[in-house]
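S.K.: So that you can map any letter, position 186 of the sequence shown is 186 in UniProt numbering, and since no number is skipped, the others follow by simple counting.
Even glycine gets a Cβ: it sits at the ideal position worked out from N, Cα and C.
I'd like to ask you about the structure that follows.
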Amino acid sequence: MDCLFNPAAIFSSDEQVYFLFRPQEPCLLEVQKTDCNGKSSWFVDDAVQKDGSLYALSPFDPLLLLLPILHAKRRQTAECAGAFLSLDDLLYDAGAPNLARLGDIPHFEEKLLTVCDVTAPTPDMQFFRLCDKKVVAWLRGKVDRIVAKFASYALLAALAAGEKEMEEKLILESRRHVAIRLLGDTLAPMWVAKLKESYGLGDTIASEYVYFDNVIKRPLAASNGAGEDNKAAAAKKTKLSHGQRTLAKANKEGMKNIASFFAKK
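And the structure:
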């Protein structure tokens, strides 16, 4: 493997995200590191390796990496849909010269057609321009695949356990919210907003359920005139667990409420 690069140079972001390009069977891989806060080590043959960090490499869709570049380079305005550019021009960036290696991925130009309009003045020459409608359709495909296999993902299994009392429509909407939240880690806010809009998701969904300890929990019953029931519900609401009390005392500066992830932009 070679071609280690940090896309922060492309995105002008302070967040450090690294990728490797695998030359054999060309593929883009995301690099993630776990270090257990320096409290782990490795036994290698007859010696102990003090650094117990573990690097995990996982396939990453190159179109997600290119999306902000494609958006910027089309130079769209209110009067113009933007410019068509060649593949070489799209993959050229002085701050990230290794970006051009993505062109080595098999059928890469076909992948671009998933999110781009194309014009071909000659049979051997193609020019590409990002298309919002195609991007949203492509992202919806990812959301729908996550939703279809929601319960099979270990990360999301705990969330599915809290859906027993929820209506089928609400379950679908909540799972779409979760899927969009996961994809949102690699997307600009404008694409998250367009994706939510395509599903008709707004602020009302956030009031139907809340997330806590990775479980979807139904809220307390709304007032319906049953005074004693409401008093009991209020008493139950004020009873906090040890974890909740600890969280309440923690320094929350810079932290976002979970409901903010579902708020309409």
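1) Leaving out five residues before and five after Ile180 in sequence, what residues of the same chain have Cβ atoms less than 7 angstroms from its Cβ?
2) How big is the Cα-Cα spacing for Asp51 and Phe43?
3) Would you mind reading off the limits of the alpha helix (DSSP H) that contains Lys149?
4) Looking only at DSSP bridge pairs, what is Thr119 linked to?
5) Take the Cβ of Gly162 as the centre, count every other Cβ of all protein chains shown within 10 Å, and call the residue buried at 16 or more, exposed below.
6) What whole-angstrom Cβ distance do Leu182 and Ile146 have, given they're in contact under 8 angstroms?
7) Hey, how far is the Cα of Met190 from the Cα of Ala100?
8) Going by other Cβ atoms of all chains shown within 10 Å of its Cβ, with 16 needed for buried, is Leu54 buried or exposed?
9) Leu90 and Leu70: beta carbons closer than 9 angstroms?
10) DSSP three-state call for Phe21: helix, strand or coil?
11) Kindly indicate which three-state DSSP category Glu109 falls into: helix, strand or coil?
12) Checking contacts by CB at 9 angstroms: is Ala56 closer than that to chain D?
13) Are there 16 or more other CB atoms within 10 angstroms of the CB of Ala221, so buried, or fewer, so exposed?
M.R.: Reading it off the structure:
1) Val143, Val192, Leu195, Lys196
2) 10 angstroms
3) Counting along the chain, Lys149 sits inside no alpha helix (DSSP H), nor does DSSP assign it H or E at all.
4) Phe127
5) buried
6) The Cβ separation is near 7 angstroms, so the contact holds.
7) 26 angstroms
8) exposed
9) yes
10) strand
11) helix
12) Although the question refers to chain D, the structure presented lacks it and comprises just one protein chain.
13) With a pLDDT of only 34 at Ala221, under 50, the local geometry of the prediction cannot be trusted, and the value read off the model is given with reservation. Result: exposed.
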